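Participant: In terms of this note's numbering, the sequence shown is residues 52 to 466. Heads up, the beta-carbon is just placed ideally off N, CA and C, and yes, glycines get one too. Since this is a predicted model, take the numbers as computed values, not measurements.
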Amino acid sequence: MERFGGMNILYYHQYFKFPYQAGGTRSFEIASELISRGHNVTMVCSYDKAFSTLKETAKGRYEGAVNGLKIIAFDIPYDNKMGLFKRAVAFAKFALRSASLVFTEKYDLLFATSTPISTAFPGILAKIFRPSKKFVFEIRDPWPDVPIAMGVKNPLFILPMKILELGAYNLADGLVGLSSGMVDIMKKRTRNKAKPIILAPNMSNIGQFVPTSDRAKNLDGLDDSLFTGIFAGAHGKVNNLGFLLDVAASLKKKGRTDIAILLIGDGREKPELERRAKAENLDNVKFSPPMPKTRIAEITAKCDVGLMVNSDIPLFHYGNSPNKYFEFLAAGLPMLTNMKGFVENGVKDNKCGLFSEPHDADAFADNFAFLADNPETCKEMGINARKLAETEYSRDIITKRVSALIEQVNPAKPC
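#1: Short check: CB of V356 to CB of A299, under 9 Å?
#2: With three or more beta-carbon pairs closer than 8 Å as the criterion, would you say the segment 69-88 touches the segment 166-184?
#3: Please report the residue range of the alpha helix (DSSP H) in which T450 lies.
#4: How would you call V197, buried or exposed, if buried means at least 16 neighbouring beta carbons within 10 angstroms?
#5: What would DSSP say about I261, mapped onto helix, strand or coil?
#6: Below 8 Å, how does it come out for the segment 265-275 and the segment 227-244: are there three or more Cβ pairs, yes or no?
#7: Say whether the segment 272-283 touches the segment 342-362, bearing in mind that this needs 3 or more beta-carbon pairs closer than 8 Å, one atom from each stretch.
#8: Return the chain-ordered list of same chain residues with a C-beta closer than 8 Å to the C-beta of E427, the five sequence neighbours on each side being excluded.
#9: Quick one: does K132 have its CB under 9 Å from some CB of chain B?
#10: Contact between the segment 59-68 and the segment 155-172 is defined here as three or more beta-carbon pairs at a separation below 8 Å; is this criterion met?
#11: Please go through the same chain and pick out, in chain order, the residues whose beta-carbon is closer than 6 Å to the beta-carbon of D297, but skip the five residues on each side of it.
#12: Would you mind giving the Cβ-Cβ distance between M359 and T388, rounded to the nearest angstrom? I have them listed as a contact below 8 Å.
#13: By the three-class DSSP mapping on this structure, what secondary structure does T76 have?
#14: Taking 8 Å as the cut-off, is the C-beta of G383 nearer than that to any heavy atom in the ligand MN?
#15: Please classify H64 as buried or exposed, where buried requires at least 16 neighbouring CB atoms within 10 angstroms.
#16: Please report how far the alpha carbon of R319 lies from the alpha carbon of S149, in whole angstroms.
#17: Quickly, what does DSSP pair A109 with across the bridge? List them, please.
#18: Could I get the ranges of all uninterrupted beta strand (DSSP E) runs contained in the segment 219-287, with 3 residues as the minimum, in chain order?
#19: Compare the beta carbon distance of A251 and V453 with 9 Å and say whether it is the shorter of the two.
#20: Just the C-alpha distance for F186 and I457, rounded to the nearest angstrom, thanks.
#21: For G75, does the count of other Cβ atoms within 10 angstroms reach 16, so buried, or fall short, so exposed?
#22: Looking only at C-alpha atoms, which of E84, A141, K239, W194 sits nearest to I209?
#23: Rounded to whole angstroms, what is the Cα-Cα separation between H410 and K375?
#24: Less than 6 Å between C-beta atoms, sequence neighbours within five positions excluded: which residues of the same chain meet that for G395?
#25: Which same chain residues, not among the five before or five after K121, have their C-beta less than 6 Å away from its C-beta?
#26: Grab me the residues of M52's own chain with a C-beta within less than 6 Å of its C-beta, minus the 5 sequence neighbours each way, in chain order.
#27: Just reading off the beta strand (DSSP E) that L358 is part of, what are its end residues?
#28: Rounding to the nearest angstrom, what Cα-Cα distance links A436 and G397 in this structure?
#29: Under a three-way DSSP split, which group does A381 fall into?
#30: Can you look up L61 in the DSSP assignment and give me helix, strand or coil?
#31: Does DSSP classify C429 as helix, strand or coil?
#32: Assign S169 to one of three DSSP states: helix, strand, or coil.
#33: Cβ of S169 within 9 Å of Cβ of A143?
#34: With a threshold of 6 Å on Cβ separation, who are the neighbours of D363 within its own chain once the five nearest residues in sequence on each side are excluded?
#35: Since V203 contacts L292 with CB under 8 Å, what's their CB separation in whole angstroms?
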């Protein structure tokens, strides 16, 4: 591998997480790969109480190293239970406060990842006032397309996002999309058709998510003998977890008391989901709070199937890259999904799961029961899932792909 020396990278990810925290760890994996290639990485993110070794260097600003990674963090409270306006304010505060670093820090390249789209602001600012600095932008969700698809119409909210989106696409020296739909959007909205734009989906951490024959989940209120499907992630409107309660109701109606659904995470919709489950006596659904990625990996491998559901919005068919999908693959779990497009094609083409139409809870329940009744098919699908993770979506493949793009646009010479 050709090595590049001494690049200083300013890496913006507002909601950066380490593996011992709850949440996605893509940025941690990419940063680790960049460091292993000889680069210096400074992560710019929101402050988290888990970053206890950081020192407050200014009001609401913390600096230091955590597990060998340099961190600059800003104390800007955020909760995914917040309403749209409060979340927008948190996004804007972070973008504005952190933007000053483009004038004060020593760096060669700024790498920013969304969501939110506001993380592009420091990179745009840098390209305007420090044009010699390189800028790479990664889009994890196609904003503002997502909120528009979800019914948000307020121009005071949409217009700034459109400006940021087009500014990022056209000023960045390189672009990363996590799905084919995102890549298509960037190519369509970027004037410079020669600009490097790569597809780098979410990754399967095949070292952390490992298949196991042990089914002792050790979770209060969940019988280890039950055939269990797991969902771990945000409990928001877009996640459509009410559909899984419909599935649970269908399973009860069919007398399948041997099947359970485990929902791990938090979000704005969770209280209503819990209320409904209690009101309908859906005792085959178990709710658990958010957990560190290490614990999620352990529990996932001990479940029987992964549950992939989402709102049935055409934009999402090829416009998202659900992290859970890649984790289930790594854990060797067959999947049950109602997600059309990318996930549907993945489970069908690779024979690693079963698809049912987006609104057909009874069909989803029937697929659930089929896998419970056919352990050999379930096992074979799990083997296929793990193989796909290893050959196409492993951490090494994806982090090297992103790192190679960063090195491609950087002016530093190979050493």
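Facilitator: Once the coordinates are examined:
#1: Their beta carbons are not under 9 Å apart, which means V356 does not touch A299 by this criterion.
#2: Between the segment 69-88 and the segment 166-184, the count of C-beta pairs closer than 8 Å stays below three; the two stretches do not touch.
#3: Counting along the chain, the alpha helix (DSSP H) containing T450 begins and ends at 446-460.
#4: Here V197 is buried. Its C-beta has 16 or more other C-beta atoms within 10 Å.
#5: Looking at the sequence provided, one finds Val at residue 261 rather than Ile. V261 falls in the coil class under three-state DSSP.
#6: Taking 8 Å as the limit for Cβ pairs, the verdict is that the segment 227-244 does not touch the segment 265-275.
#7: Yes: at least three Cβ pairs fall under 8 Å.
#8: No residues qualify anywhere along the chain.
#9: Looking for chain B here will not work: only one protein chain is present.
#10: Contact between the segment 59-68 and the segment 155-172 is present: 3 or more CB-CB pairs across the two stretches fall below 8 Å.
#11: Within the same chain, D297 has close Cβ partners A412.
#12: The pair is a contact, with the Cβ atoms about 4 Å apart (cut-off 8 Å).
#13: DSSP places T76 in coil when its eight states are reduced to three.
#14: As presented, the structure is devoid of all ligands, the ligand MN included, so that no description of it is given.
#15: It counts as buried.
#16: Between the C-alpha atoms of R319 and S149 there is a straight-line separation of about 27 Å.
#17: Bridge partners of A109: R112.
#18: Counting only runs of 3 or more, we get 225-228, 248-250, 278-283.
#19: Yes.
#20: Inter-residue distance for F186 and I457 is about 9 Å (C-alpha atoms, whole angstroms).
#21: Buried.
#22: With distances taken between Cα atoms, I209 lies closest to W194.
#23: When rounded, the separation of the alpha-carbon atoms in H410 and K375 is 20 Å.
#24: It should be noted that the sequence gives Glu, not Gly, for residue 395. Answer for E395: F406, listed in chain order.
#25: Within the same chain, T93 come within 6 Å of K121 by CB-CB distance, once the 5 residues on both sides are set aside.
#26: Confidence at M52 is low in this model, with a pLDDT of 39, below 50, so its placement is unreliable and the value that follows should be read with caution. Spatial neighbours of M52 in its own chain (CB-CB distance under 6 Å, excluding positions within 5 residues in sequence) are not present.
#27: Under the DSSP assignment, L358 falls in the beta strand (DSSP E) whose first and last residues are 356-359.
#28: Cα to Cα, A436 sits roughly 9 Å from G397.
#29: Look at A381 here: in three-state DSSP terms it is helix.
#30: Residue state, collapsed to three classes: strand.
#31: DSSP places C429 in helix when its eight states are reduced to three.
#32: Reduced to three states, the DSSP call for S169 is helix.
#33: Cβ atoms of S169 and A143: closer than 9 Å.
#34: Only P409 meet the Cβ criterion.
#35: V203 to L292, Cβ: 20 Å. No contact.
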